[in-house]
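Numbering (the working numbering), first residue to last: 712 to 1073. Below is one structure, written out as structure tokens; the observations come after it.
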DNA sequence: AAACCGGGGCT
DNA sequence: AGCCCAGGTTT
């Protein structure tokens, strides 16, 4: 007989949990994998449409393994944490070409795949194969720390190990997938971070934090985030109906997404006809050009960075040698590329190729 | 162990 | 403005 905590969670899941999600009860490891990667550090409501689009475009592991990188990134566009997408492509191809297309089943084998850590390995092995591994995500940390009145920090190596052991003890080994579903749904809908529903909680008589009034202090985190300011100005070089675009290959935010010519500075730049001319001549060797647009300042807040900058649209007669490493993208193919939100904010305001749309309106 | 990696929603 | 989200990788 399992403890009261586990019993009540399972019962709650059967009788009261009304959360419906397309991957619930799914047994196809590939689909579970896609859903779990999409949901890493991502709310269910935000990831839902991405999951639907992804499964529709790539119904099987093989179809994903054979897809072009850019198409996969386009489907991931706007979801953030783009290394997830890179790793997804890498692991799909690895399974397809090196593992005979057969998805690994054991926890340790799943852990070997890029992009799969302890949480995702536990999720796949329990949901798809019923193996006895407890998921420990943000929900589980919160539920366990509150019920136990446990002030062990959740963002330290020791703390993670601590809650992992507790989660494993609480696991219903006969029903691992359902138990894992139950505790995460419970954390997401009842034992919520901000305004938890303690008065109607089935565990409020078993909850140490509720009894002691500690609920809003738990779970404990030690680290806090520090944001740094970055000033990114983009020169959007056009030439007729083409745009100069390149892929962000270096290790930084938005790796593998596309961008224009980037000019990053320590402080906010003041651009005018004169500073633009000097920059284009001295840095890029551009003599003949037309300034089409100097945009307003755009801002975006990331978890660890504050981004700010402008977009300067320049039409060129010819492409100088300094820009030959850029791809000249035609109108038709431009929409196939994935851009960071910061750039899409500008493109939404100032469609570079909006002429077609304007014609439709006439 | 600490730093890094997005974007969105809630309070 | 601060916190959190079905975390993981790199340094």
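Quick reminder that beta carbons are idealized off the backbone N, C-alpha and C, glycines included.
Who are the near neighbours of residue i in its chain, counting only those whose CB is closer than 6 Å to its CB and skipping five residues on each side?
i: residue 690; result: Here the chain has residues from 712 to 1073 only, and residue 690 is not among them.
i: residue 1010; result: 1019
i: residue 822; result: 832
i: residue 892; result: none
Quick check on residue i: does DSSP put it in helix, strand or coil?
i: residue 1019; result: strand
i: residue 806; result: helix
i: residue 1048; result: coil
i: residue 1068; result: Residue placement at residue 1068 cannot be trusted, given a pLDDT of 41 that sits under 50; what the coordinates show is reported in the next sentence. It is helical.
i: residue 987; result: helix
i: residue 726; result: helix
i: residue 1076; result: No statement about residue 1076 is possible, as the shown extent of the chain runs from 712 to 1073 and does not include it.
i: residue 1039; result: strand
i: residue 1054; result: helix
i: residue 1005; result: strand
i: residue 811; result: coil
i: residue 844; result: coil
i: residue 733; result: coil
i: residue 966; result: coil
i: residue 717; result: helix
i: residue 862; result: coil
i: residue 982; result: coil
i: residue 742; result: helix
Near residue i, what residues of its chain come up, given a Cβ to Cβ distance below 7 Å and the 5 sequence neighbours on each side ignored?
i: residue 925; result: 860
i: residue 864; result: 870, 931, 932, 933
i: residue 750; result: 758
With which residues is residue i paired in a DSSP beta bridge?
i: residue 1027; result: 1000
i: residue 1012; result: 1017
i: residue 973; result: 945
Which same chain residues, not among the five before or five after residue i, have their C-beta less than 8 Å away from its C-beta?
i: residue 875; result: 829, 845, 847
(message) To test your reading of the DSSP string, which unbroken beta strand (DSSP E) runs of 3 or more residues are found completely within the segment 881-960?
(response) Qualifying beta strand (DSSP E) stretches, in chain order: 939-950, 953-958.
(request) Flag this pair as touching only if the segment 997-1006 and the segment 956-967 have three or more C-beta atom pairs under 8 Å; answer yes or no. (result) At 8 Å Cβ cutoff, the stretches do not touch.
(message) With three or more C-beta pairs closer than 8 Å as the rule, is the segment 785-792 touching the segment 806-817?
(response) Fewer than three Cβ pairs drawn from the segment 806-817 and the segment 785-792 lie within less than 8 Å of each other, which leaves the two stretches out of contact.
(request) Assess, as a yes-or-no matter, whether the segment 727-737 is touched by the segment 896-905 under the definition of 3 or more beta carbon pairs within less than 8 Å. (result) The segment 896-905, when compared against the segment 727-737, does touch it at the 8 Å Cβ threshold.
(request) Evaluate the contact criterion for the segment 713-720 versus the segment 911-920: three or more CB pairs, one atom per stretch, below 8 Å. (result) Touching, yes, given that three or more Cβ pairs across the two stretches are closer than 8 Å.
(request) Take every Cβ of the segment 761-776, pair it with every Cβ of the segment 1020-1040, and state whether three or more of those distances are shorter than 8 Å. (result) Between the segment 761-776 and the segment 1020-1040 there are fewer than three inter-stretch CB-CB distances shorter than 8 Å, so the stretches are not counted as touching.
(request) Counting only runs of 4+ residues fully inside the segment 757-796, write out the alpha helix (DSSP H) ranges in chain order. (result) Counting whole runs of 4 or more residues, the segment 757-796 contains the alpha helix (DSSP H) stretches 772-776, 780-787.
(request) Could you say if the segment 987-995 and the segment 1029-1039 meet the contact criterion of at least three C-beta pairs nearer than 8 Å? (result) These segments touch.
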